[in-house]
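Asks: This is the structure I want to talk about, given as structure tokens.
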Amino acid sequence: MIAMIRPLLLALALAWAGNALAIDTERAFEDPVLQQRYESINRELRCLVCQNQTIADSNATLAADLRREVREMIAAGKTDDEIREFMIERYGDFVLYRPRMTAQNFLLWAAPVLLLLIAAAVLYRVIRRRGQETDIEAEGPEAGQS
Numbered sequence: 038m039i040a041m042i043r044p045l046l047l048a049l050a051l052a053w054a055g056n057a058l059a060i061d062t063e064r065a066f067e068d069p070v071l072q073q074r075y076e077s078i079n080r081e082l083r084c085l086v087c088q089n090q091t092i093a094d095s096n097a098t099l100a101a102d103l104r105r106e107v108r109e110m111i112a113a114g115k116t117d118d119e120i121r122e123f124m125i126e127r128y129g130d131f132v133l134y135r136p137r138m139t140a141q142n143f144l145l146w147a148a149p150v151l152l153l154l155i156a157a158a159v160l161y162r163v164i165r166r167r168g169q170e171t172d173i174e175a176e177g178p179e180a181g182q183s
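All you need for the numbering used here is the position in the sequence shown, starting with 1, plus 37.
As structure tokens, this is what we get:
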């Protein structure tokens, strides 16, 4: 039993160690409102190296640089929108963890709905056609014979 617990504990420790490395080592803002803004913005920006993590969760060097940049911009008095716009101008819409809907990516946002409507129309036509085929077979020359 103990032989099974040790590898499990080791695996859990290694899994948590990765998160410990991603912790922001910078000193927290003295104002809790600024610290909350800093953390919120860090959760909205994507790490461009990891691509499926926010800069708050990533321990990549670029993520640390982006966190530092966000910290400096908040300290300089920039608004959240100004910080986001700066990051978008510099890195493109991909830097946003939840991209905004624009004319360029509208099809990406609309595709699930469009595919669902197309699938419903095809399903309706298939069911309707099969229903008509069944009616024709029932009225055929063999319909009255037993």
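Glycine included, each C-beta is placed from N, C-alpha and C at the ideal position. None of the values given here were measured: they were computed from a predicted structure.
Ignoring anything shorter than 4 residues or poking outside the segment 83 to 155, list the alpha helix (DSSP H) runs there in chain order.
Replies: Qualifying alpha helix (DSSP H) stretches, in chain order: 98 to 112 and 117 to 128.
Asks: Measure from the alpha carbon of T98 to the alpha carbon of each residue in R165, A157 and L85, then state which is nearest.
Replies: In the sequence shown, counting from the first residue as 1, residue 98 sits at position 61. When each option's Cα is compared against that of T98, the closest is L85.
Asks: Which residues in the same chain as I120 place their Cβ atom closer than 8 Å to its Cβ, once the five residues preceding and following it in sequence are excluded?
Replies: The sequence position of residue 120 within the sequence shown is 83, counting from 1. Excluding sequence neighbours, I120 sits near I78, V107, M110 and I111.
Asks: Count the other C-beta atoms from every protein chain shown that fall within 10 angstroms of the C-beta of L82, then say buried if there are 16 or more, exposed otherwise.
Replies: Residue 82 sits at position 45 when you count from the first residue of the sequence shown. Per the 10 Å Cβ criterion, buried.
Asks: Over what stretch of residues does the alpha helix (DSSP H) that includes R80 continue unbroken?
Replies: Within the sequence shown, numbered from 1, the residue matching residue 80 stands at position 43. It spans P69 to E81 - the alpha helix (DSSP H) in which R80 sits, taken as one unbroken run.
Asks: F123 to R166, Cα distance in whole Å?
Replies: Taking the sequence shown and counting its residues from 1, the one referred to as residue 123 is at position 86. Taking the sequence shown and counting its residues from 1, the one referred to as residue 166 is at position 129. Straight-line Cα distance between these residues: approximately 56 Å.
Asks: So, under 8 Å CB-CB, T91 and Y134 are touching, yes? Tell me the CB distance rounded to an integer number of Å.
Replies: Taking the sequence shown and counting its residues from 1, the one referred to as residue 91 is at position 54. Taking the sequence shown and counting its residues from 1, the one referred to as residue 134 is at position 97. 5 Å between Cβ atoms; contact.
Asks: Return the chain-ordered list of same chain residues with a C-beta closer than 7 Å to the C-beta of A65, the five sequence neighbours on each side being excluded.
Replies: Translated into the one-based positions of the sequence shown, residue 65 becomes position 28. Excluding residues within five positions, the ones whose Cβ falls inside 7 Å are Q72.
Asks: Just the C-alpha distance for L49 and I42, rounded to the nearest angstrom, thanks.
Replies: Translated into positions along the sequence shown, residue 49 becomes position 12. Translated into positions along the sequence shown, residue 42 becomes position 5. Taking the straight line joining both Cα atoms gives about 11 Å.
Asks: Tell me the rounded alpha-carbon separation between R104 and I39.
Replies: Position 67 of the sequence shown holds residue 104. Position 2 of the sequence shown holds residue 39. Going by the C-alpha atoms only, they are around 42 Å apart.
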